[in-house]
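Notes follow once the structure below has been shown.
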(Lines of atoms letter the chains of each structure in order from A; the text may use other names.)
(Lines give C-alpha, C1' and ligand atoms only; values in the text may rest on other atoms or scores of the structure.)
Protein backbone atom coordinates (compact mmCIF):
# COMPACT_ATOMS: atom_id res chain seq x y z
CA UNK A 1 0.00 0.00 0.00
CA UNK A 2 2.81 2.36 0.91
CA UNK A 3 4.59 1.66 -2.39
CA UNK A 4 1.39 2.31 -4.35
CA UNK A 5 0.97 5.66 -2.57
CA UNK A 6 4.56 6.70 -3.26
CA UNK A 7 4.33 5.81 -6.96
CA UNK A 8 1.04 7.63 -7.47
CA UNK A 9 1.17 10.33 -4.78
CA UNK A 10 1.23 13.24 -7.25
CA UNK A 11 -1.78 11.91 -9.16
CA UNK A 12 -3.69 11.10 -5.98
CA UNK A 13 -2.99 14.55 -4.52
CA UNK A 14 -4.10 16.24 -7.73
CA UNK A 15 -7.27 14.13 -7.80
CA UNK A 16 -8.00 15.01 -4.18
CA UNK A 17 -7.46 18.72 -4.81
CA UNK A 18 -9.74 18.67 -7.87
CA UNK A 19 -12.40 16.92 -5.77
CA UNK A 20 -12.16 19.61 -3.08
CA UNK A 21 -12.44 22.40 -5.67
CA UNK A 22 -15.45 20.76 -7.34
CA UNK A 23 -17.11 20.44 -3.94
CA UNK A 24 -16.42 24.13 -3.24
CA UNK A 25 -17.84 25.07 -6.66
CA UNK A 26 -21.00 23.01 -6.05
CA UNK A 27 -21.64 24.56 -2.62
CA UNK A 28 -20.84 28.05 -3.94
CA UNK A 29 -23.44 27.64 -6.67
CA UNK A 30 -26.05 26.18 -4.31
CA UNK A 31 -28.09 29.42 -4.02
CA UNK A 32 -28.04 29.83 -7.78
CA UNK A 33 -28.81 26.43 -9.30
CA UNK A 34 -32.52 27.22 -9.63
CA UNK A 35 -32.03 30.90 -10.42
CA UNK A 36 -31.18 32.27 -13.83
CA UNK A 37 -30.57 35.76 -12.48
CA UNK A 38 -28.45 37.43 -9.79
CA UNK A 39 -30.07 37.67 -6.35
CA UNK A 40 -28.44 40.69 -4.77
CA UNK A 41 -28.65 44.36 -5.75
CA UNK A 42 -24.85 44.63 -5.40
CA UNK A 43 -24.45 42.03 -8.15
CA UNK A 44 -26.77 43.97 -10.46
CA UNK A 45 -25.27 47.41 -9.82
CA UNK A 46 -21.74 46.12 -10.48
CA UNK A 47 -22.93 44.91 -13.88
CA UNK A 48 -24.61 48.23 -14.60
CA UNK A 49 -21.55 50.31 -13.67
CA UNK A 50 -19.21 47.97 -15.56
CA UNK A 51 -21.33 48.18 -18.73
CA UNK A 52 -21.29 51.99 -18.55
CA UNK A 53 -17.53 52.01 -18.00
CA UNK A 54 -16.92 49.70 -20.96
CA UNK A 55 -19.23 51.77 -23.17
CA UNK A 56 -17.37 55.01 -22.37
CA UNK A 57 -13.96 53.31 -22.45
CA UNK A 58 -12.68 55.20 -19.42
CA UNK A 59 -12.93 55.34 -15.62
CA UNK A 60 -15.02 58.52 -15.66
CA UNK A 61 -18.49 57.90 -17.06
CA UNK A 62 -22.16 58.81 -16.74
CA UNK A 63 -23.91 56.51 -14.31
CA UNK A 64 -26.85 54.50 -15.68
CA UNK A 65 -28.52 55.33 -12.37
CA UNK A 66 -29.36 59.01 -12.79
CA UNK A 67 -29.29 59.83 -9.08
CA UNK A 68 -25.62 58.76 -8.99
CA UNK A 69 -24.54 61.45 -11.46
CA UNK A 70 -21.10 61.11 -13.01
CA UNK A 71 -18.86 58.34 -11.70
CA UNK A 72 -15.17 59.19 -11.51
CA UNK A 73 -12.75 56.54 -10.25
CA UNK A 74 -15.43 55.06 -7.97
CA UNK A 75 -14.75 52.93 -4.91
CA UNK A 76 -15.49 49.71 -6.82
CA UNK A 77 -13.23 50.65 -9.72
CA UNK A 78 -10.95 47.61 -9.40
CA UNK A 79 -13.88 45.21 -9.21
CA UNK A 80 -15.55 46.79 -12.24
CA UNK A 81 -12.31 46.60 -14.23
CA UNK A 82 -11.94 42.93 -13.33
CA UNK A 83 -15.55 42.15 -14.27
CA UNK A 84 -15.24 44.05 -17.52
CA UNK A 85 -12.02 42.26 -18.45
CA UNK A 86 -13.52 38.83 -17.77
CA UNK A 87 -16.70 39.63 -19.69
CA UNK A 88 -14.81 41.05 -22.67
CA UNK A 89 -12.26 38.23 -22.94
CA UNK A 90 -14.70 35.38 -22.26
CA UNK A 91 -17.40 36.63 -24.62
CA UNK A 92 -20.05 35.59 -22.08
CA UNK A 93 -23.21 37.59 -21.46
CA UNK A 94 -23.84 38.88 -17.94
CA UNK A 95 -26.31 36.09 -17.29
CA UNK A 96 -23.89 33.51 -18.71
CA UNK A 97 -21.06 34.78 -16.53
CA UNK A 98 -23.30 34.82 -13.49
CA UNK A 99 -24.24 31.17 -13.98
CA UNK A 100 -20.70 30.02 -13.13
CA UNK A 101 -18.85 32.90 -11.44
CA UNK A 102 -20.03 32.49 -7.78
CA UNK A 103 -18.96 28.84 -7.73
CA UNK A 104 -15.60 29.70 -9.28
CA UNK A 105 -14.98 32.36 -6.62
CA UNK A 106 -15.65 29.90 -3.77
CA UNK A 107 -13.46 27.26 -5.45
CA UNK A 108 -10.66 29.80 -5.92
CA UNK A 109 -10.91 30.84 -2.27
CA UNK A 110 -10.67 27.17 -1.25
CA UNK A 111 -7.61 26.74 -3.47
CA UNK A 112 -5.85 29.75 -1.93
CA UNK A 113 -6.57 28.45 1.58
CA UNK A 114 -5.09 25.12 0.45
CA UNK A 115 -2.00 26.98 -0.82
CA UNK A 116 -1.71 28.82 2.50
CA UNK A 117 -1.45 25.59 4.49
CA UNK A 118 0.03 23.26 1.86
CA UNK A 119 3.59 23.25 3.15
CA UNK A 120 2.53 22.70 6.76
CA UNK A 121 -0.04 20.08 5.75
CA UNK A 122 -3.36 21.55 6.93
CA UNK A 123 -4.28 23.17 3.60
CA UNK A 124 -6.30 20.18 2.38
CA UNK A 125 -8.73 20.02 5.27
CA UNK A 126 -8.99 23.80 5.75
CA UNK A 127 -9.93 24.11 2.07
CA UNK A 128 -12.77 21.64 2.69
CA UNK A 129 -14.20 23.95 5.36
CA UNK A 130 -14.19 27.06 3.13
CA UNK A 131 -17.66 26.32 1.60
CA UNK A 132 -19.11 26.54 5.12
CA UNK A 133 -18.58 30.33 5.15
CA UNK A 134 -22.17 31.65 5.26
CA UNK A 135 -23.49 33.97 2.56
CA UNK A 136 -26.58 36.06 3.24
CA UNK A 137 -28.58 38.83 1.64
CA UNK A 138 -27.52 41.14 4.47
CA UNK A 139 -23.85 40.39 5.13
CA UNK A 140 -23.01 39.06 1.64
CA UNK A 141 -20.26 36.43 1.37
CA UNK A 142 -18.31 34.34 -1.15
CA UNK A 143 -21.39 32.90 -2.92
CA UNK A 144 -22.35 36.29 -4.38
CA UNK A 145 -20.45 37.93 -7.23
CA UNK A 146 -19.70 41.09 -5.24
CA UNK A 147 -16.53 43.08 -4.36
CA UNK A 148 -16.13 41.63 -0.85
CA UNK A 149 -16.10 38.07 -2.28
CA UNK A 150 -13.26 38.92 -4.68
CA UNK A 151 -11.37 40.93 -2.04
CA UNK A 152 -11.47 37.97 0.37
CA UNK A 153 -9.16 36.15 -2.06
CA UNK A 154 -6.40 38.57 -1.08
CA UNK A 155 -6.48 37.52 2.60
CA UNK A 156 -4.95 34.00 2.34
CA UNK A 157 -2.43 35.25 -0.24
CA UNK A 158 -1.36 38.07 2.11
CA UNK A 159 -0.98 35.61 4.98
CA UNK A 160 1.06 33.31 2.74
CA UNK A 161 3.45 36.16 1.88
CA UNK A 162 3.73 37.26 5.52
CA UNK A 163 4.48 33.73 6.71
CA UNK A 164 7.16 33.25 4.05
CA UNK A 165 8.79 36.68 4.38
CA UNK A 166 12.52 36.23 4.90
CA UNK A 167 14.61 38.67 6.90
CA UNK A 168 17.29 38.99 4.19
CA UNK A 169 15.82 37.92 0.83
CA UNK A 170 12.59 39.88 0.79
CA UNK A 171 12.57 42.40 -2.04
CA UNK A 172 10.11 40.51 -4.27
CA UNK A 173 7.89 39.61 -1.31
CA UNK A 174 7.71 43.22 -0.16
CA UNK A 175 6.65 44.49 -3.57
CA UNK A 176 4.09 41.69 -3.81
CA UNK A 177 2.79 42.70 -0.38
CA UNK A 178 2.31 46.29 -1.54
CA UNK A 179 0.52 45.11 -4.70
CA UNK A 180 -1.81 42.97 -2.57
CA UNK A 181 -2.71 45.90 -0.32
CA UNK A 182 -3.21 48.24 -3.30
CA UNK A 183 -5.20 45.62 -5.20
CA UNK A 184 -7.52 45.05 -2.25
CA UNK A 185 -7.93 48.81 -1.87
CA UNK A 186 -9.19 49.24 -5.43
CA UNK A 187 -11.47 46.19 -5.26
CA UNK A 188 -13.01 46.68 -1.80
CA UNK A 189 -11.65 49.34 0.62
CA UNK A 190 -13.18 47.66 3.71
CA UNK A 191 -11.19 44.48 3.06
CA UNK A 192 -8.08 46.57 2.51
CA UNK A 193 -8.47 47.57 6.16
CA UNK A 194 -8.32 43.87 7.11
CA UNK A 195 -5.22 43.23 5.00
CA UNK A 196 -3.52 46.34 6.40
CA UNK A 197 -4.37 45.32 9.97
CA UNK A 198 -2.77 41.90 9.41
CA UNK A 199 0.38 43.57 8.09
CA UNK A 200 0.51 45.86 11.14
CA UNK A 201 0.14 42.86 13.45
CA UNK A 202 2.91 41.15 11.54
CA UNK A 203 5.16 44.20 12.02
CA UNK A 204 4.59 44.10 15.78
CA UNK A 205 5.27 40.36 15.95
CA UNK A 206 8.31 40.69 13.72
CA UNK A 207 9.80 43.39 15.94
CA UNK A 208 9.35 41.09 18.95
CA UNK A 209 10.84 38.21 16.97
CA UNK A 210 13.85 40.33 16.00
CA UNK A 211 14.41 41.45 19.59
CA UNK A 212 14.45 37.83 20.73
CA UNK A 213 17.04 36.84 18.07
CA UNK A 214 19.01 40.13 18.31
CA UNK A 215 18.88 40.75 14.54
CA UNK A 216 18.28 44.43 15.13
CA UNK A 217 19.75 45.81 11.91
CA UNK A 218 18.03 43.45 9.47
CA UNK A 219 14.78 43.74 11.42
CA UNK A 220 14.96 47.52 11.35
CA UNK A 221 15.48 47.54 7.59
CA UNK A 222 12.55 45.18 7.05
CA UNK A 223 10.24 47.17 9.33
CA UNK A 224 11.07 50.41 7.49
CA UNK A 225 10.64 48.71 4.10
CA UNK A 226 7.22 47.33 5.03
CA UNK A 227 6.14 50.64 6.61
CA UNK A 228 7.07 52.59 3.46
CA UNK A 229 5.19 50.17 1.21
CA UNK A 230 2.18 50.25 3.52
CA UNK A 231 2.19 54.06 3.51
CA UNK A 232 1.76 54.16 -0.27
CA UNK A 233 -1.74 52.59 -0.38
CA UNK A 234 -2.80 54.57 2.72
CA UNK A 235 -1.80 57.83 1.00
CA UNK A 236 -3.54 56.67 -2.18
CA UNK A 237 -6.73 56.01 -0.23
CA UNK A 238 -6.61 59.46 1.39
CA UNK A 239 -6.12 61.19 -1.97
CA UNK A 240 -8.56 58.98 -3.90
CA UNK A 241 -11.45 58.93 -1.45
CA UNK A 242 -10.85 61.58 1.24
CA UNK A 243 -14.48 61.58 2.41
CA UNK A 244 -14.49 57.80 3.01
CA UNK A 245 -11.16 58.02 4.84
CA UNK A 246 -12.43 60.89 7.00
CA UNK A 247 -15.74 59.15 7.78
CA UNK A 248 -13.99 55.89 8.68
CA UNK A 249 -11.71 57.64 11.16
CA UNK A 250 -14.61 59.59 12.66
CA UNK A 251 -16.83 56.50 12.99
CA UNK A 252 -14.00 54.57 14.61
CA UNK A 253 -13.58 57.28 17.25
CA UNK A 254 -17.03 58.77 17.81
CA UNK A 255 -19.27 55.91 16.66
CA UNK A 256 -21.49 55.13 13.67
CA UNK A 257 -25.01 56.51 13.65
CA UNK A 258 -25.63 56.74 9.92
CA UNK A 259 -24.42 55.21 6.68
CA UNK A 260 -25.04 51.87 5.02
CA UNK A 261 -24.15 49.70 7.98
CA UNK A 262 -25.83 52.00 10.47
CA UNK A 263 -29.01 51.95 8.39
CA UNK A 264 -29.12 48.16 8.28
CA UNK A 265 -28.56 47.93 12.02
CA UNK A 266 -31.29 50.46 12.71
CA UNK A 267 -33.74 48.57 10.53
CA UNK A 268 -32.81 44.91 11.10
CA UNK A 269 -31.01 45.04 14.45
CA UNK A 270 -27.65 43.39 15.00
CA UNK A 271 -26.68 40.39 12.93
CA UNK A 272 -27.75 37.03 14.36
CA UNK A 273 -27.51 33.40 13.30
CA UNK A 274 -24.00 33.41 11.82
CA UNK A 275 -22.59 30.84 14.26
CA UNK A 276 -25.52 28.47 13.71
CA UNK A 277 -25.23 28.95 9.93
CA UNK A 278 -21.56 27.90 10.01
CA UNK A 279 -22.51 24.70 11.85
CA UNK A 280 -22.09 24.04 15.57
CA UNK A 281 -19.70 21.10 15.12
CA UNK A 282 -17.50 23.19 12.81
CA UNK A 283 -17.63 26.08 15.30
CA UNK A 284 -16.45 23.70 18.03
CA UNK A 285 -13.55 22.66 15.80
CA UNK A 286 -12.74 26.34 15.23
CA UNK A 287 -12.41 26.98 18.98
CA UNK A 288 -10.22 23.90 19.35
CA UNK A 289 -8.24 24.99 16.31
CA UNK A 290 -7.47 28.49 17.55
CA UNK A 291 -6.22 27.03 20.84
CA UNK A 292 -4.04 24.36 19.18
CA UNK A 293 -2.77 26.76 16.49
CA UNK A 294 -1.61 29.20 19.17
CA UNK A 295 0.17 26.50 21.17
CA UNK A 296 1.74 24.61 18.26
CA UNK A 297 3.05 27.78 16.56
CA UNK A 298 3.55 26.39 13.03
CA UNK A 299 5.16 29.69 11.93
CA UNK A 300 6.99 30.60 15.12
CA UNK A 301 5.97 33.94 16.59
CA UNK A 302 4.26 34.81 13.31
CA UNK A 303 1.66 32.19 14.19
CA UNK A 304 0.12 34.70 16.61
CA UNK A 305 -1.09 36.91 13.74
CA UNK A 306 -4.23 34.87 12.94
CA UNK A 307 -5.31 34.18 16.57
CA UNK A 308 -4.80 37.82 17.61
CA UNK A 309 -6.67 39.09 14.56
CA UNK A 310 -9.54 36.64 15.12
CA UNK A 311 -9.85 37.74 18.77
CA UNK A 312 -9.91 41.41 17.71
CA UNK A 313 -12.49 40.63 15.03
CA UNK A 314 -14.74 38.77 17.48
CA UNK A 315 -14.45 41.60 20.03
CA UNK A 316 -15.45 44.12 17.36
CA UNK A 317 -18.43 42.07 16.14
CA UNK A 318 -19.70 41.01 19.56
CA UNK A 319 -18.87 43.96 21.83
CA UNK A 320 -17.22 47.05 20.33
CA UNK A 321 -19.77 47.76 17.60
CA UNK A 322 -22.99 46.43 19.22
CA UNK A 323 -22.31 48.02 22.61
CA UNK A 324 -20.51 51.23 21.68
CA UNK A 325 -21.20 51.66 17.93
CA UNK A 326 -17.50 52.30 17.34
CA UNK A 327 -16.31 51.64 13.81
CA UNK A 328 -17.86 51.85 10.34
CA UNK A 329 -21.22 50.12 10.06
CA UNK A 330 -20.35 48.72 6.65
CA UNK A 331 -17.32 47.00 8.18
CA UNK A 332 -19.58 45.42 10.80
CA UNK A 333 -21.71 43.92 8.03
CA UNK A 334 -18.82 42.63 5.92
CA UNK A 335 -16.57 41.46 8.78
CA UNK A 336 -18.73 38.37 9.35
CA UNK A 337 -17.41 36.93 6.08
CA UNK A 338 -13.82 37.58 7.18
CA UNK A 339 -14.53 35.79 10.45
CA UNK A 340 -15.97 32.85 8.51
CA UNK A 341 -12.77 32.57 6.47
CA UNK A 342 -10.58 32.39 9.58
CA UNK A 343 -12.99 29.94 11.20
CA UNK A 344 -12.64 27.64 8.17
CA UNK A 345 -8.83 27.82 8.30
CA UNK A 346 -8.66 27.06 12.03
CA UNK A 347 -11.35 24.36 12.01
CA UNK A 348 -9.37 22.55 9.32
CA UNK A 349 -6.19 23.03 11.32
CA UNK A 350 -7.78 21.32 14.36
CA UNK A 351 -8.72 18.22 12.34
CA UNK A 352 -5.31 18.07 10.64
CA UNK A 353 -3.46 18.39 13.96
CA UNK A 354 -5.50 15.53 15.44
CA UNK A 355 -4.81 13.21 12.48
CA UNK A 356 -1.13 14.17 12.41
CA UNK A 357 -0.81 13.52 16.15
CA UNK A 358 -2.38 10.06 15.84
CA UNK A 359 -0.06 9.14 12.96
CA UNK A 360 3.04 10.42 14.76
CA UNK A 361 2.33 8.82 18.13
CA UNK A 362 1.39 5.40 16.74
CA UNK A 363 3.69 5.40 13.72
CA UNK A 364 6.01 2.66 15.02
CA UNK A 365 3.23 0.06 15.33
CA UNK A 366 2.53 -2.42 12.56
CA UNK A 367 -0.71 -1.82 10.68
CA UNK A 368 -1.89 -5.35 11.40
CA UNK A 369 -1.28 -5.15 15.17
CA UNK A 370 -3.98 -4.15 17.64
CA UNK A 371 -2.45 -0.71 18.14
CA UNK A 372 -1.98 -0.31 14.39
CA UNK A 373 -5.65 -1.09 13.89
CA UNK A 374 -6.50 1.46 16.57
CA UNK A 375 -4.44 4.04 14.68
CA UNK A 376 -6.48 3.45 11.54
CA UNK A 377 -9.73 3.72 13.51
CA UNK A 378 -8.61 6.99 15.13
CA UNK A 379 -7.65 8.44 11.74
CA UNK A 380 -11.02 7.41 10.31
CA UNK A 381 -12.64 9.05 13.35
CA UNK A 382 -10.83 12.31 12.55
CA UNK A 383 -12.01 12.31 8.96
CA UNK A 384 -15.48 11.31 10.15
CA UNK A 385 -15.64 14.35 12.44
CA UNK A 386 -14.61 16.61 9.55
CA UNK A 387 -17.18 15.09 7.18
CA UNK A 388 -19.90 15.34 9.83
CA UNK A 389 -19.02 18.97 10.57
CA UNK A 390 -19.09 19.90 6.88
CA UNK A 391 -22.24 17.92 6.09
CA UNK A 392 -24.24 19.26 9.03
CA UNK A 393 -22.92 22.74 8.28
CA UNK A 394 -24.12 22.93 4.68
CA UNK A 395 -27.44 21.15 5.28
CA UNK A 396 -28.70 22.71 8.52
CA UNK A 397 -31.90 24.77 8.42
CA UNK A 398 -30.27 27.65 10.29
CA UNK A 399 -27.99 28.18 7.30
CA UNK A 400 -30.99 28.66 5.01
CA UNK A 401 -32.67 30.94 7.56
CA UNK A 402 -29.53 33.05 7.83
CA UNK A 403 -29.12 33.33 4.06
CA UNK A 404 -32.68 34.68 3.56
CA UNK A 405 -32.33 34.33 -0.22
CA UNK A 406 -35.07 35.62 -2.49
CA UNK A 407 -35.43 36.11 -6.22
CA UNK A 408 -35.52 39.83 -7.02
CA UNK A 409 -35.85 39.42 -10.80
CA UNK A 410 -38.03 36.71 -12.34
CA UNK A 411 -38.93 35.72 -15.87
CA UNK A 412 -41.75 38.29 -16.14
CA UNK A 413 -39.53 41.20 -15.12
CA UNK A 414 -36.68 40.03 -17.35
CA UNK A 415 -39.09 39.72 -20.29
CA UNK A 416 -40.47 43.23 -19.69
CA UNK A 417 -36.98 44.74 -19.47
CA UNK A 418 -35.93 42.98 -22.68
CA UNK A 419 -39.06 44.31 -24.41
CA UNK A 420 -38.28 47.85 -23.24
CA UNK A 421 -34.73 47.54 -24.57
CA UNK A 422 -36.04 46.54 -27.99
CA UNK A 423 -38.73 49.23 -28.22
CA UNK A 424 -36.91 52.28 -26.87
CA UNK A 425 -33.86 54.16 -28.05
CA UNK A 426 -30.76 54.59 -25.95
CA UNK A 427 -30.72 57.90 -24.09
CA UNK A 428 -34.46 58.39 -24.70
CA UNK A 429 -35.45 59.68 -21.25
CA UNK A 430 -35.29 57.64 -18.07
CA UNK A 431 -37.46 54.90 -16.61
CA UNK A 432 -38.79 54.96 -13.05
CA UNK A 433 -39.58 51.79 -11.10
CA UNK A 434 -39.31 50.38 -7.59
CA UNK A 435 -35.81 51.63 -6.56
CA UNK A 436 -34.27 48.30 -5.52
CA UNK A 437 -35.44 46.68 -8.77
CA UNK A 438 -33.97 49.56 -10.77
CA UNK A 439 -30.43 48.22 -10.28
CA UNK A 440 -31.26 45.33 -12.64
CA UNK A 441 -32.61 47.40 -15.55
CA UNK A 442 -29.39 48.71 -17.20
CA UNK A 443 -27.55 45.33 -17.08
CA UNK A 444 -30.49 43.59 -18.80
CA UNK A 445 -31.22 46.23 -21.44
CA UNK A 446 -27.59 47.19 -22.02
CA UNK A 447 -25.51 50.40 -21.81
CA UNK A 448 -27.26 53.67 -22.58
CA UNK A 449 -30.52 52.85 -20.80
CA UNK A 450 -31.07 54.75 -17.57
CA UNK A 451 -33.29 54.68 -14.51
CA UNK A 452 -34.33 57.67 -12.43
CA UNK A 453 -33.36 56.34 -9.00
CA UNK A 454 -31.82 53.10 -7.78
CA UNK A 455 -31.43 52.36 -4.10
CA UNK A 456 -31.07 49.31 -1.88
CA UNK A 457 -33.72 48.62 0.74
CA UNK A 458 -34.09 49.99 3.42
CA UNK A 459 -34.21 53.29 1.56
CA UNK A 460 -32.20 56.09 3.14
CA UNK A 461 -32.83 58.48 0.25
CA UNK A 462 -35.87 60.78 0.16
CA UNK A 463 -36.16 60.48 -3.61
CA UNK A 464 -36.15 56.67 -3.39
CA UNK A 465 -38.89 56.80 -0.76
CA UNK A 466 -41.00 59.06 -2.97
CA UNK A 467 -40.56 56.84 -6.03
CA UNK A 468 -41.36 53.68 -4.06
CA UNK A 469 -44.47 55.24 -2.54
CA UNK A 470 -45.80 56.25 -5.97
CA UNK A 471 -45.23 52.74 -7.38
CA UNK A 472 -46.94 51.02 -4.43
CA UNK A 473 -49.91 53.40 -4.06
CA UNK A 474 -50.42 54.09 -7.78
CA UNK A 475 -50.74 57.84 -7.11
CA UNK A 476 -48.24 59.76 -9.23
CA UNK A 477 -47.08 63.37 -9.01
CA UNK A 478 -46.74 64.42 -12.66
CA UNK A 479 -44.74 67.55 -11.79
CA UNK A 480 -42.30 65.43 -9.77
CA UNK A 481 -41.91 63.00 -12.69
CA UNK A 482 -41.24 65.81 -15.17
CA UNK A 483 -38.78 67.46 -12.78
CA UNK A 484 -36.75 64.25 -12.71
CA UNK A 485 -37.00 63.64 -16.47
CA UNK A 486 -39.07 60.46 -16.11
CA UNK A 487 -40.22 59.30 -19.56
CA UNK A 488 -41.93 56.09 -18.49
CA UNK A 489 -42.97 54.18 -15.38
CA UNK A 490 -42.69 50.44 -14.71
CA UNK A 491 -44.97 49.18 -11.96
CA UNK A 492 -44.09 45.53 -11.37
CA UNK A 493 -42.61 44.86 -7.91
CA UNK A 494 -39.43 42.85 -7.25
CA UNK A 495 -39.58 39.42 -5.61
CA UNK A 496 -43.39 39.01 -5.78
CA UNK A 497 -43.46 40.33 -9.40
CA UNK A 498 -46.88 41.75 -8.55
CA UNK A 499 -48.23 44.19 -11.11
CA UNK A 500 -49.32 47.51 -9.54
CA UNK A 501 -51.92 49.77 -11.16
CA UNK A 502 -51.20 53.40 -12.00
CA UNK A 503 -54.14 55.59 -10.93
CA UNK A 504 -53.52 58.31 -13.47
CA UNK A 505 -55.72 58.79 -16.52
CA UNK A 506 -53.04 60.84 -18.28
CA UNK A 507 -50.65 57.90 -18.46
CA UNK A 508 -50.48 55.90 -21.70
CA UNK A 509 -50.27 52.17 -21.00
CA UNK A 510 -48.27 50.51 -23.78
CA UNK A 511 -47.92 47.12 -22.10
CA UNK A 512 -49.14 45.77 -18.75
CA UNK A 513 -47.15 47.62 -16.11
CA UNK A 514 -45.43 49.99 -18.56
CA UNK A 515 -46.77 53.56 -18.80
CA UNK A 516 -45.64 56.54 -20.87
CA UNK A 517 -45.58 59.81 -18.91
CA UNK A 518 -47.40 62.57 -20.88
CA UNK A 519 -45.26 65.47 -22.03
CA UNK A 520 -42.03 63.53 -21.59
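In this note's numbering, the protein residues as written are 1 to 520. Just so you know, even glycine gets a beta-carbon here, dropped at the ideal spot from N, CA and C. If you're wondering where the values come from, they're calculated on a predicted model, not measured in any experiment.
Per DSSP, the bridge partner or partners of residue i
i	result
residue 492	499
residue 515	489 and 509
residue 136	140
residue 65	451
Endpoints, alpha helix (DSSP H) assigned at residue i
i	result
residue 463	462-473
residue 194	189-213
residue 62	Segment 60-62 is the beta strand (DSSP E) holding residue 62; no alpha helix (DSSP H) there.
residue 398	397-403
residue 71	Looking at the DSSP string, residue 71 is not in any alpha helix (DSSP H); the run it does join, the beta strand (DSSP E), is 70-72.
residue 423	411-423
residue 123	123-129
residue 86	77-90
CA-to-CA distance, residue j to residue i, given in whole angstroms
i	j	result
residue 39	residue 408	6 Å
residue 16	residue 111	12 Å
residue 84	residue 54	7 Å
residue 344	residue 464	39 Å
residue 91	residue 195	33 Å
residue 44	residue 437	9 Å
residue 495	residue 137	13 Å
residue 458	residue 200	36 Å
residue 522	residue 69	The structure shown does not extend to residue 522, since the chain spans only 1 to 520, so no value can be given for it.
residue 253	residue 416	Its pLDDT being 47, under 50, residue 253 is placed unreliably by the model, and nothing is read from it.
residue 37	residue 447	18 Å
residue 342	residue 280	15 Å
residue 297	residue 114	18 Å
residue 453	residue 125	46 Å
residue 505	residue 491	15 Å
residue 381	residue 230	45 Å
C-beta contact flag for residue i and residue j at 7 Å
i	j	result
residue 203	residue 223	yes
residue 188	residue 148	yes
residue 225	residue 131	no
residue 406	residue 31	no
residue 334	residue 358	no
residue 481	residue 510	no
residue 489	residue 515	yes
residue 319	residue 27	no
residue 524	residue 47	Summary: the structure shown does not reach residue 524, with the chain confined to residues 1 through 520, and so no result is reported for it.
residue 145	residue 190	no
residue 122	residue 347	no
residue 134	residue 278	yes
Opening and closing residue of the beta strand (DSSP E) in which residue i lies
i	result
residue 432	430-432
residue 114	Taken as a continuous stretch (DSSP letters only), residue 114 belongs to no beta strand (DSSP E), being part of the alpha helix (DSSP H) at 101-117.
residue 511	508-511
Buried versus exposed call for residue i [16 or more other C-beta atoms within 10 Å across all chains shown]
i	result
residue 163	buried
residue 389	buried
residue 42	buried
residue 336	buried
residue 310	buried
residue 266	exposed
residue 66	buried
residue 423	exposed
residue 18	exposed
Any chain D beta carbon closer than 7 Å to residue i
i	result
residue 425	Within the model displayed, chain D is absent; a lone protein chain is all it includes.
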